[in-house]
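Trainee: Below: one structure in structure tokens.
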Amino acid sequence: MAARAVSYVHGFVGGITGFLTRRIRNQIVVPYLVLATVFAMAGTYVLLNSATESLHTRFNNQLLDAARGAADGLTKVEVDHLAGLRAVIYTEGFAEAVAQQDAATLRSLAAPQAVNYGFDNVLVVKSDGATLLSLAPGQGTSAAPQGAAEGLKALINAALHPAGKIDKVSAVVNASDGSTFYTAGPVSNGAGIVGAVLVGTDLSRLTRQVVRTSLSDGAGFYAADGAPQYMLTSSESAPSVPSLPDGWFNRIVDNSQDQARLRTVTLPGGTYVEALRAMPGHGIGGGPIGVYGVMLNTGTLDSKLLETLVALLPLFALGLLLVIFIGHTIASGIHRPVAQLVAASNQVAHGNLDVQIADGRKDELGVLANRFNGMVSGLQQSLLVKDLFGRFVSPEVSAKLLAGQIELGGEQREVTVLFSDLRDFTQLSEQYPAPAIVDLLNEHFSNVIQAAQQNGGIVNKFGGDSTLIIFGAPVTMHDHADRALATALAMQAALDGLNAHRTQEGWPLMRQGIGINTGIVVAGQIGSDARMDYTVIGDAVNLASRLQSLTKDLPESDIVFSDSTLAALNEPSDWLVKNLGSLRIRGKEKPVHAYTLLGSNTEAGVGAFAPANLLLDGHSRALNGSAALAEPAKVH
Numbered sequence: 346m347a348a349r350a351v352s353y354v355h356g357f358v359g360g361i362t363g364f365l366t367r368r369i370r371n372q373i374v375v376p377y378l379v380l381a382t383v384f385a386m387a388g389t390y391v392l393l394n395s396a397t398e399s400l401h402t403r404f405n406n407q408l409l410d411a412a413r414g415a416a417d418g419l420t421k422v423e424v425d426h427l428a429g430l431r432a433v434i435y436t437e438g439f440a441e442a443v444a445q446q447d448a449a450t451l452r453s454l455a456a457p458q459a460v461n462y463g464f465d466n467v468l469v470v471k472s473d474g475a476t477l478l479s480l481a482p483g484q485g486t487s488a489a490p491q492g493a494a495e496g497l498k499a500l501i502n503a504a505l506h507p508a509g510k511i512d513k514v515s516a517v518v519n520a521s522d523g524s525t526f527y528t529a530g531p532v533s534n535g536a537g538i539v540g541a542v543l544v545g546t547d548l549s550r551l552t553r554q555v556v557r558t559s560l561s562d563g564a565g566f567y568a569a570d571g572a573p574q575y576m577l578t579s580s581e582s583a584p585s586v587p588s589l590p591d592g593w594f595n596r597i598v599d600n601s602q603d604q605a606r607l608r609t610v611t612l613p614g615g616t617y618v619e620a621l622r623a624m625p626g627h628g629i630g631g632g633p634i635g636v637y638g639v640m641l642n643t644g645t646l647d648s649k650l651l652e653t654l655v656a657l658l659p660l661f662a663l664g665l666l667l668v669i670f671i672g673h674t675i676a677s678g679i680h681r682p683v684a685q686l687v688a689a690s691n692q693v694a695h696g697n698l699d700v701q702i703a704d705g706r707k708d709e710l711g712v713l714a715n716r717f718n719g720m721v722s723g724l725q726q727s728l729l730v731k732d733l734f735g736r737f738v739s740p741e742v743s744a745k746l747l748a749g750q751i752e753l754g755g756e757q758r759e760v761t762v763l764f765s766d767l768r769d770f771t772q773l774s775e776q777y778p779a780p781a782i783v784d785l786l787n788e789h790f791s792n793v794i795q796a797a798q799q800n801g802g803i804v805n806k807f808g809g810d811s812t813l814i815i816f817g818a819p820v821t822m823h824d825h826a827d828r829a830l831a832t833a834l835a836m837q838a839a840l841d842g843l844n845a846h847r848t849q850e851g852w853p854l855m856r857q858g859i860g861i862n863t864g865i866v867v868a869g870q871i872g873s874d875a876r877m878d879y880t881v882i883g884d885a886v887n888l889a890s891r892l893q894s895l896t897k898d899l900p901e902s903d904i905v906f907s908d909s910t911l912a913a914l915n916e917p918s919d920w921l922v923k924n925l926g927s928l929r930i931r932g933k934e935k936p937v938h939a940y941t942l943l944g945s946n947t948e949a950g951v952g953a954f955a956p957a958n959l960l961l962d963g964h965s966r967a968l969n970g971s972a973a974l975a976e977p978a979k980v981h
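At position 287 of the sequence shown the residue is numbered 632 (this note's numbering), and the sequence of numbers has no breaks.
Take a look at the structure:
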């Protein structure tokens, strides 16, 4: 009996095995049907869970979009503050009135600008911080904000004693009669800073504006101790919002570039998810102004989740039935095109892009075969285009062009520009035949390109024997000034190597002048849709060219750079610098303070910089004199 049972089982298993192995269709259909049935419930759970995660992701993205919209709104407010602040400060006679402490004249000059820019508060102080004038437009003259002595004192002190290039700062000031978002700046005349002006927007009005611009259900601001300064939701004004957990305020401010930090809060109007970020702008001490939050009510998420769950269940059941039916019908025709696709894919994986699939099917497999053929053709064209781009533009620019990240037009960027030119090259061209000159230039430019690429620079243009190299565009980098100096030293070393073997062949000793300048330029594609060129334009580029020209008249000063480049250096003490003083530059009304680069104290000059994409705000120091270990001195 047992033997018959074992034989029956063996026969059944053998029959199933033979049935499955005879045809590929059977190998596909049977496991397909079994798995479709077994995993029906598991698939339902996965699909519903995926839908839930998708809704949560959409909700979080909506919340993050609201946070970004709020940031844009706050940035606009600060921009409006800065515009209005400049309008007040640069009103004719205003600085003189501050110096003379003429409150009546100050009121007549500041009041129209305050009304025009919609400020809620305008405060004018003397150089010692004492109040000269306090305006509340539409309400006449008022006293200074009450209960905010410490906050105002810190803001006024920052405005009267600006640090570096940033002389306008913003802060949220709490007072007993309300909180205000202030932006402050110094007032100067020929004798120096004579006072400061503060312009402010009431925090309640600012919060309502943030809610409108961010399309959120609520918004608010937090003080340094984590306590809410002013909150507003769609259901009520100034709700009882819990303070931030311990340490959150400092972590958000210290990591202002990170994504928003989220938390859930329960209010009388419902449960909200809040996105917290650092306020954009220049705060006291150079950091962010503070912390703001925007909120979305989770009630909409819950209702959409329920609707999605109800809709997905019957759809999944119907889909399962269709999958089973269609799988059984088309399984027999799958093997051949799939095998062709696998074979062709293997050839592409091994570098053969000449493969094509010949298939006349009209179904999805036929479409897949056609798409595969199109993909291979696209790869062939992309490789050709990439190769052509790499010959005529820099790899960074060609990569961004192929990715569609550079459009026709420009953007303002802070960059460091290096302009080089070979000395007396015109006379050299007259003495040697054209092929020899071209060969010399190609060797020189190969060295220049290598030096630039080692340090992340973009060789933008060749003009005869001159070269324009850009650092900081289109790829953003926080150390573009250091990279430019390192490139200049590498170029000089390469030219020395070229001279070493060229002079043995009878060529004269060649010199090159290098001018380096840092500043704001317009970077982008110049031209038309038919033909365009990625470049940078602006006074910063012109000044680099002028500095290069100065090297002709400055012995032992082949590399000259401006004080703006010195200020942009991350570690000025890494470089050996000689102070050339203030020089007259053609086309410049004021003299330019310039320096000559003698060498490097560290390995920073060998071109070993890693890629970087962060901008740096800071201050630098210069080395005066040519001594290798000269004492650094502040640059004024």
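Just so you know, even glycine gets a beta-carbon here, dropped at the ideal spot from N, CA and C.
Because the structure is a prediction, the values reported are computed rather than measured.
Give the single residue among Ile861, Arg606 and Ile904 whose Cα lies nearest to the Cα of Asn405.
Mentor: In the sequence shown, the residue the question calls residue 405 occupies position 60. Looking at the Cα atoms, Arg606 is the closest of the given residues.
Trainee: From the DSSP secondary-structure annotation, give me the bridge partner or partners of Asp547.
Mentor: Reading the sequence shown from its first residue, position 202 is the one you call residue 547. Asp547 is bridged to Thr525.
Trainee: Measure the CB-CB distance between Val905 and Leu892 and report whether it falls below 8 Å.
Mentor: Taking the first residue of the sequence shown as position 1, residue 905 is located at position 560. Taking the first residue of the sequence shown as position 1, residue 892 is located at position 547. Yes, Cβ-Cβ distance for Val905 and Leu892 is below 8 Å.
Trainee: Using the three-state DSSP reduction, which class does Tyr390 fall into: helix, strand or coil?
Mentor: Translated into the one-based positions of the sequence shown, residue 390 becomes position 45. It is helical.
Trainee: Is the Cβ-Cβ distance between Val539 and Tyr527 less than 8 Å?
Mentor: Start at 1 with the first residue of the sequence shown, and residue 539 comes out as number 194. Start at 1 with the first residue of the sequence shown, and residue 527 comes out as number 182. Cβ distance not < 8 Å, so Val539 and Tyr527 don't count as in contact.
Trainee: To which residues does DSSP link Glu423 through a beta bridge?
Mentor: As a working note, residue 423 is residue 78 in the sequence shown. Glu423 is not bridged to any residue.
Trainee: Which whole-angstrom value is the C-beta distance of Phe566 and Leu543, which I expect to be below 8 Å?
Mentor: Indexing the sequence shown from 1 puts residue 566 at position 221. Indexing the sequence shown from 1 puts residue 543 at position 198. About 18 Å separates the two Cβ atoms, so there is no contact after all.
Trainee: State the Cα-Cα distance for the pair Leu813 and Asn697, rounded to the nearest angstrom.
Mentor: The residue labelled residue 813 in the question sits at position 468 within the sequence shown. The residue labelled residue 697 in the question sits at position 352 within the sequence shown. Straight-line Cα distance between these residues: approximately 39 Å.
Trainee: Beta strand (DSSP E) containing Ile861: first to last residue?
Mentor: Here residue 861 corresponds to residue number 516 of the sequence shown, with the count starting at 1. Per DSSP, Ile861 belongs to the beta strand (DSSP E) from Gln857 to Gly872.
Trainee: Mapping the DSSP letters down to three states, classify Asp603 as helix, strand or coil.
Mentor: Reading the sequence shown from its first residue, position 258 is the one you call residue 603. Three-state result, Asp603: coil.
Trainee: Just to confirm the assignment, what range does the beta strand (DSSP E) spanning Gly614 have?
Mentor: Locating residue 614 in the sequence shown gives position 269, where the first residue counts as 1. No beta strand (DSSP E) contains Gly614, which DSSP labels as neither H nor E.
Trainee: Would you kindly work out how many angstroms separate the C-alpha atoms of Pro590 and Pro573, rounded to a whole number?
Mentor: To locate residue 590, count along the sequence shown from 1; it is residue 245. To locate residue 573, count along the sequence shown from 1; it is residue 228. About 12 Å.
Trainee: Please check the pair Val467 and Ala459, which I expect to be a contact at CB under 8 Å, by giving their CB distance rounded to whole angstroms.
Mentor: The count along the sequence shown starts at 1 and reaches residue 467 at position 122. The count along the sequence shown starts at 1 and reaches residue 459 at position 114. Indeed they touch by this definition, with Cβ atoms about 4 Å apart.
Trainee: How far does the alpha helix (DSSP H) with Gly842 in it reach, from first residue to last?
Mentor: Numbered from 1 along the sequence shown, position 497 holds the residue referred to as residue 842. Counting along the chain, the alpha helix (DSSP H) containing Gly842 begins and ends at His825 to Arg847.
Trainee: Leaving aside the five residues before and after Val433 along the sequence, list all residues of the same chain whose C-beta is less than 8 Å from its C-beta, in chain order.
Mentor: Position 88 of the sequence shown, counted from the start, is the residue given in the question as residue 433. Closer than 8 Å at Cβ, skipping near neighbours: Phe439, Leu454, Ala455, Gln458, Ala459, Val467, Val542 and Val544.
Trainee: Thr941 lies in the beta strand (DSSP E); which residues open and close that run?
Mentor: Your numbering for residue 941 matches position 596 in the sequence shown. Segment Val937 to Ser945, the beta strand (DSSP E) holding Thr941.
Trainee: If you run the structure through DSSP and keep just helix, strand and coil, what is Arg758?
Mentor: In the sequence shown, counting from the first residue as 1, residue 758 sits at position 413. Strand at Arg758.
Trainee: I'd like to know whether the C-beta of Gln893 is nearer than 8 Å to at least one C-beta of chain D.
Mentor: Looking for chain D here will not work: only one protein chain is present.
Trainee: Determine the direct distance from the alpha carbon of Asn792 to that of Met836, and round the result to whole angstroms.
Mentor: For this step, residue 836 is matched to residue 491 along the sequence shown. For this step, residue 792 is matched to residue 447 along the sequence shown. Going from the Cα of Met836 to the Cα of Asn792 covers about 7 Å.
Trainee: On a CA-only basis, which of His401, Val586, Met624 and Gly496 is nearest Asn595? Give me that one, please.
Mentor: Sequence index remark: in the sequence shown, residue 595 carries index 250 (1-based). When only C-alpha atoms are compared, the closest one is Met624.
Trainee: Inspect the beta-carbon positions of Leu641 and Ser561 and report whether they are closer than 8 Å.
Mentor: Here residue 641 corresponds to residue number 296 of the sequence shown, with the count starting at 1. Here residue 561 corresponds to residue number 216 of the sequence shown, with the count starting at 1. It is a contact, given that the beta carbons lie within the stated cut-off.
Trainee: Look up Met720 in the DSSP assignment and say whether it is helix, strand or coil.
Mentor: The sequence position of residue 720 within the sequence shown is 375, counting from 1. Residue state, collapsed to three classes: helix.
Trainee: Excluding the 5 residues preceding and the 5 following Ser890 in the sequence, name in chain order all residues of the same chain whose CB lies nearer than 8 Å to its CB.
Mentor: Here residue 890 is taken as the residue at index 545 of the sequence shown, counted from 1. Only Phe764 and Gly860 meet the Cβ criterion.
Trainee: Run through DSSP, which three-state label would Ser791 get?
Mentor: Your numbering for residue 791 matches position 446 in the sequence shown. In this structure, Ser791 counts as helix in the three-state DSSP scheme.
Trainee: Measuring alpha carbon to alpha carbon, tell me which residue in Ser399, Val532, Pro936 and Lys933 is nearest Tyr435.
Mentor: Counted from its first residue, the sequence shown places residue 435 at position 90. It is Val532.
Trainee: If you draw a straight line from the C-alpha of Thr832 to the C-alpha of Asn534, how long is it?
Mentor: For this step, residue 832 is matched to residue 487 along the sequence shown. For this step, residue 534 is matched to residue 189 along the sequence shown. Going by the C-alpha atoms only, they are around 41 Å apart.
Trainee: Rounded to whole angstroms, what is the Cα-Cα separation between Gly802 and Gln445?
Mentor: Numbered from its first residue, the sequence shown carries residue 802 at position 457. Numbered from its first residue, the sequence shown carries residue 445 at position 100. Going from the Cα of Gly802 to the Cα of Gln445 covers about 52 Å.
Trainee: Whose CA, out of Asp878, Ala508 and Val555, lies closest to the CA of Phe807?
Mentor: By one-based count along the sequence shown, residue 807 stands at place 462. Measuring from the Cα of Phe807, the nearest candidate turns out to be Asp878.
Trainee: Ends of the beta strand (DSSP E) at Ala444?
Mentor: Within the sequence shown, residue 444 is the residue found at index 99, counting from 1. Segment Phe439 to Gln445 is the alpha helix (DSSP H) holding Ala444; no beta strand (DSSP E) there.
Trainee: Taking its Cβ as the centre, do 16 or more other Cβ atoms sit within 10 Å of Gly858, making it buried, or is it exposed?
Mentor: As a working note, residue 858 is residue 513 in the sequence shown. Result: buried.
Trainee: Classify Arg931: buried if its beta carbon has 16 or more other beta carbons within 10 angstroms, exposed otherwise.
Mentor: Counting from 1 along the sequence shown, the entry for residue 931 is found at position 586. Answer is exposed; the Cβ neighbour count stays below 16.
Trainee: So for Leu983, helix, strand or coil by DSSP?
Mentor: The question about residue 983 has no answer, for the chain in this structure spans 346 to 981.
Trainee: Could you name the residues of the same chain whose beta carbon sits closer than 8 Å to that of Glu775, not counting the 5 residues immediately before and after it, in chain order?
Mentor: Start at 1 with the first residue of the sequence shown, and residue 775 comes out as number 430. No residues qualify anywhere along the chain.
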